[in-house]
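Single-structure report; data block below.
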Amino acid sequence: MSDAPSPVPPALAPGSTVGILGGGQLGRMLSQAASRLGFDVVILDPEENSPAGRVSRGQIVAAYDDPTALNVFGRVCDVVTFEFENVPARSVELLAEAGARVAPGPRALAVAQDRILEKTFLNEAGAPTVEFAMVDDLPSLETALQVIPLPALLKTRREGYDGKGQVWIKSVKQAAAAWASIGERPAVLEARALFVRELSIICARGWDGKTAVYPLGWNTHKGGVLKTTVAPAEVDSKTERRARAIARAVLEQLDYVGVLGIELFDLGESRLLVNEIAPRVHNTGHWTQDGCVCDQFEQHIRAITGWPLGPTAAHAHVEMTNLLGEDIDQWEKLAGNSDRRLHLYGKGEARPGRKMAHVNRVRPL
């Protein structure tokens, strides 16, 4: 599977239609950014009255692999993108095969959906990862545990996010229980990264091959879910250059178009390992909404529609905090703070751990 090189398509004029596969909060913020640039937006999502659908011109309510819906979607949209990587890669392939302008391409999606393909690709691109081994069954897990140093992290090969579908293994004796806990699904066993902190970098590439890279963010997690991102992160120039080199290598090797998020383990002494990539706008890039002239959402729309990429320099120091579940009850208090910008997602039920909003605390650089 590959994205064949093609001529640079013309920039889409205001009034063109952007299609987004996925109707969650990322789709919502992409739609709002597209509207500011004069584009119409159509959402395809199985959930009626989705957060993104409510701020868009229209929504097709259908499964992501519904052939009739995809056919209609491809015909009414001038360019199609997606808000999360669990959209079926085959759906994106079908849209592209039918002549739709799709960005990012299906190869980027397929690579990001499979942790073995992802880590293999990254290492081949010169973006090193932790040591890993493929696991297809309990015997192969037991074999991998003889090679990968303990403790090691067992993750499902596909799907799984925010800490789901993964378990730490501290002893070979825990193999069977760990294998059962992830549903006995194909997996990857990863060595533990002895990192100082987690960093992330948000980057973009246009149809013409030009790239734009934002300053690094420093991330902290709680219960496997991102809690805060502080940006620009305080890093030395060598670490910054290395992160930017990794970003550009990944973008170019994938012939990528759009915004890409890359999570990095900072091992200290300017040594970086890639944890994972996300072929979309990313939670750790939300700080750009109040810290940059052109945020990640506008940048993605600019990239996929063929517009010039926007500036990425930070004009403020931002601490982004996710509001999960009942955290949203603080909305009134947070809205009253002059140094905080509240971004709500328009979701209904505030289930435990559900991302309901984020708040950016803004300070001068």
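First residue of the sequence shown: 456, per this note's numbering; consecutive thereafter. Note that beta-carbon positions come from the ideal geometry of N, C-alpha and C, so glycine has one too. Remember, predicted model here, so these are calculated numbers, not experimental data.
Could you give the DSSP three-state label for residue i: helix, strand or coil?
i: A565; result: helix
i: V590; result: strand
i: A812; result: strand
i: T472; result: strand
i: V748; result: coil
i: T684; result: strand
i: Q480; result: helix
i: G508; result: helix
i: E804; result: coil
i: H741; result: coil
i: I732; result: strand
i: L715; result: strand
i: G672; result: strand
i: D710; result: coil
i: A768; result: coil
i: D495; result: strand
Name the one or two DSSP bridge partners that residue i has.
i: T666; result: R660
i: R796; result: N815
i: E774; result: V685 and R816
i: D500; result: V516
i: L779; result: K810
i: V557; result: V535
i: Q621; result: K610
i: R726; result: G723
i: K677; result: V680
Spatial neighbours of residue i within its chain, please: C-beta separation below 6 Å, excluding the five flanking residues on both sides.
i: H772; result: R818 and L820
i: N738; result: L681
i: L671; result: L654, I656, A688, V690 and A698
i: G513; result: V497
Excluding sequence positions up to five away, which residues of its chain have a Cβ less than 7 Å from the Cβ of residue i?
i: H813; result: H741, M775, T776, N777, L778 and H798
i: E586; result: I603 and A646
i: L593; result: A630, A631 and W634
i: D794; result: R816, V817 and R818
Measure the beta-carbon distance from residue i to residue j and round it to whole angstroms, keeping in mind my assumption that it falls under 8 Å.
i: F528; j: I515; result: 6 Å
i: E770; j: C749; result: The sequence shown places His at residue 770, rather than the Glu named in the question. That pair is no contact at about 11 Å.
i: L476; j: L499; result: 5 Å
i: A688; j: W673; result: 4 Å
i: R735; j: L525; result: No, R735 and L525 are not in contact; Cβ-Cβ is about 19 Å, not under 8 Å.
Give me, in chain order, the residues of the same chain whose beta-carbon lies closer than 8 Å to that of residue i; leave out the 5 immediate sequence neighbours on both sides.
i: S725; result: D691, K693, T694 and R697
i: L577; result: P583, T584, V705, V729 and I732
i: I756; result: V473, L485, A488, A489, L492, F494 and W762
i: G808; result: D617, G678, V680, L779 and G780
**Item:** Runs of alpha helix (DSSP H) lying entirely within the region 628-655, each at least 4 residues, in chain order
**Value:** Segments of the alpha helix (DSSP H) lying fully in the region 628-655: 630-636.
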